[in-house]
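In order, the protein sequence lines correspond to chains E and D.
Residue numbering for the first sequence follows our numbering, beginning at 1 and increasing consecutively.
Residue numbering for the second sequence follows our numbering, beginning at 1001 and increasing consecutively.
All C-beta atoms, glycine included, are put in the ideal place defined by N, C-alpha and C.
What you are looking at is a predicted structure, and each value in this text was computed from that prediction instead of being measured.
Reading through the structure tokens given below for one structure.
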Amino acid sequence: MEYILGILGGVCFLLIWAGLTRPKALERPQMTKEEQYRLRSLRGGVGSLLATAVEDLASWFQGRATDEKTWRGGLHARYLQQLKMANWYWAPGEAAPPTPGARFWNIETMWASKVLYAGLFGLVALIGMGVFGLIFQWPFAVPLVVAVIAAVVGFFDPDRELAEAAEERRKQIILEMGTKVPEMRTYILAGRSIMFILRDMTDRPGGPFVQELRRIQAVYSLTTDVERGFEAVIDYCRPCQPLVNLCVDLFALHKEGGDLGKVLNTHADMAQHEQARLLRQQGQDNTQQMMYVVAATTLIVIFILVGAPAMWILVQTL
Amino acid sequence: MSEWILALALGLLAGGSVLAVVFGIAGAGRREKRVQRQTLLPAIQVRLDRAQLGVSATTYVGRSLLYGVVFGLLMAVATGAFSTFFAGLAGGFAFVWARLEDRRNDRLNQYHKALAAAADTVVNSWESKPSMGRALEAVAQWGQGEVADDFREVATATRTGTSLSKALQQVADRRQSHVFDAFATALFLAAEQSGEVTNMLTRHAEATRQMANIYEETLDTQRGQRQDAMWGIVGPWGVLLLLRLGTIFTGGLGYGTEFFATPLGQIAGLMAAALTVVAYVSTNRTAARGMIVKRVPLEHGADDEPVEE
């Protein structure tokens, strides 16, 4: 026992020393990664001590990313689509991440995040359940099993977070389209061109739909090809069907010609219909979520307020 | 075996705690310092303004304290545990905030409905004589409530030489409403257009009416959800209050009085009260989730929060 405590004390001392002096790690050119491939939460502090280990382990899981020929290829393709839909994806060559507050921004950092959170969840569960295990004299296997379960939960936590972010942004785009597509129709009915619409609408504040219009505008300003802008939005927002439909129709009109007013008329009506439908659906989902909270709270509070005094009297009288 | 786990757990806990303290101290000097220290009331005012609740921080705090004291006293009377008072006090702040949000939403709903009517007024005015000045005057004269005020402001501004786009932008910045933004775009385009725009304005009036209807429907859903949840959450407190009053009126000491007078009872009461407040805040947030479009900044960092010390 004394030896273990001694070793642990030594490790703690070493960590404190490292924390205070922060010795600069040796630069290894072959290991140097660009900022976009480093996990944000492991920069500086205790995290930097773990960074290399976590990222190396993550690269083993990651394999050859979307080029992978095994089952991981499909998984990575899904991750990539979700990263793009959530507007978290920091593409190679881009100067800054599109969403600086995101926990990760590409497949590399996502796997690092998965490994890190699996480890953290597992460690916290092991310590927490270990303490309880000692107090209540549980067998050693109990904290171990709980720690493994917690690690698995931690491993899939980034998947959940990313899926939620992508879904939330998809819904936000549909909501915004309900007001912005009729506005686009107004421009067309007033005789303005699609390029004028893009320029004017992206100059003003807006939500994620305006952000996607800015993507078209940005690609156009680089390539002077608006079709590539539409393609970029279709690629990024593939799960958002109303936006994809709008872009495909605008793309086709730009290529083949046609009545833009008629097309936008249909899309404006559809966008308002979709907005109303989504709001109703969201209202139902929110009600369901709230009912879980209300039911759980009521149950616990009733137990504390009404049940606990009765139990206390029972214990006192025994 | 348990000694091993104990040694490991304690060692890790001790090491972790010491490291946290060391990094806390070491990191303190690197925090960004703000030129001026933020006091409490201005900080609350910033949040109130951002949420467009339309009250001063002093009013909000005063009203919240008043409700908080009432809730705290009710909880303390219901349980007999004074510790619940503090959770009730905190509940007052959440309750007043939720009420102010409801009032803001109602205000915005009325505004959107008035905008839909204003769009019709513009179409009628344009059909009789295609003049933007005349259409703005018509809304200022026949429009409802705040919409009439806004259009009076725009009409006055344009008469005194301000461009229409600038005058509309000033109102748009203040209102921050997608419905107004779209309507302002239509007005601006109509003013700029030399040809026939009645069709465009008519289509836009229809769209504005539909946007106002969707917004109202959303609000009704939200309000209903919030009320249902609130009654569900405060229900147990009503049950306890009735139990206590019932037992007192039948000559007893009051249900739970002995238990809630003990330290364990005080903690249990505080936990129940805190859980109630947290659940109230959480359900209010859930009710509004995904129902409004969040604005994104034009450039990264433009809308970032100031660094807190």
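In the structure shown, G122 of chain E adopts helical secondary structure according to DSSP, grouped into three states. Comparing alpha carbon positions, the residue from E:P205, E:L198, E:E55, E:R238 closest to V219 of chain E is E:L198. A direct Cα-to-Cα measurement between W105 of chain E and G206 of chain E gives close to 23 Å.
Here the C-alpha atom of P158 of chain E lies approximately 33 Å from the C-alpha atom of F13 of chain E.
Counting every other CB atom within 10 Å of its CB across the protein chains shown gives I1214 of chain D a total of 16 or more, marking it as buried.
Around the beta carbon of K1113 of chain D, a 10 Å sphere encloses 16 or more other beta carbons of the protein chains shown; the residue is thus reported as buried.
Listed in chain order, the positions of the segment 1265–1292 of chain D with a beta carbon within less than 7 Å of a beta carbon of chain E are A1268, M1271, A1272, L1275, T1276, A1279, S1282, T1283, T1286, A1287, R1289, G1290, M1291. Under a criterion of Cβ atoms nearer than 8 Å, the residues of chain E adjacent to M1200 of chain D are, in order, T186, L189, A190.
Ranked by how close their Cα comes to the Cα of L162 of chain E, the residues E:K171, E:D200, E:M110, E:T202 have E:M110 in first place.
Nearest Cα to Q275 of chain E within the set D:A1148, D:V1197, D:E1217: D:E1217. Using a C-beta cut-off of 8 Å, the segment 187–196 of chain E makes no contact with the segment 267–283 of chain E, since fewer than three inter-stretch Cβ pairs fall below that distance. Within chain E, the C-beta atoms nearer than 7 Å to that of T1221 of chain D come from G283, in chain order. Identification of chain E residues near A1229 of chain D by a Cβ-Cβ cut-off of 7 Å yields M290, V294, ordered along the chain. Listed in chain order, the positions of the segment 68–95 of chain E with a beta carbon within less than 7 Å of a beta carbon of chain D would be empty, since no residue qualifies. Under the DSSP assignment, Q281 of chain E falls in the alpha helix (DSSP H) whose first and last residues are 260–302.
I1214 of chain D reaches chain E at G178, Q272, Q275, A276, L279, counting residues in chain order whose Cβ is nearer than 8 Å.
Note on M129 of chain E: 16 or more other CB atoms within 10 angstroms of its CB, so buried under the neighbour-count rule. Per DSSP, F1082 of chain D lies in no alpha helix (DSSP H) segment and is marked neither H nor E.
With a contact defined as Cβ atoms closer than 8 Å, A1288 of chain D and M1075 of chain D miss out at about 26 Å.
Look at the beta carbons and you see the segment 84–100 of chain E not touching the segment 132–149 of chain E: under three pairs across the two are nearer than 8 Å. Here G229 of chain E carries a helix assignment [DSSP, helix/strand/coil]. Here T1262 of chain D is exposed, its C-beta having fewer than 16 other C-beta atoms within 10 Å. Under the Cβ distance rule, L1073 of chain D does not count among the residues neighbouring chain E, no pair being separated by less than 7 Å. T298 of chain E reaches chain D at G1232, I1233, G1235, P1236, counting residues in chain order whose Cβ is nearer than 8 Å.
Counting the other CB atoms within 10 Å of its CB gives I313 of chain E a total below 16, which places it among the exposed residues.
Cβ contact annotation for A1094 of chain D (same chain, cutoff 7 Å, sequence separation greater than five): V1277, Y1280, V1281, in chain order.
Taking a C-beta cut-off of 7 Å against chain E, none of the residues of the segment 1141–1173 of chain D qualify. L1041 of chain D places its beta carbon 7 Å or farther from that of L1100 of chain D.
Of the residues D:Q1222, D:W1231, D:Q1210, the one whose Cα lies closest to the Cα of P182 of chain E is D:Q1210.
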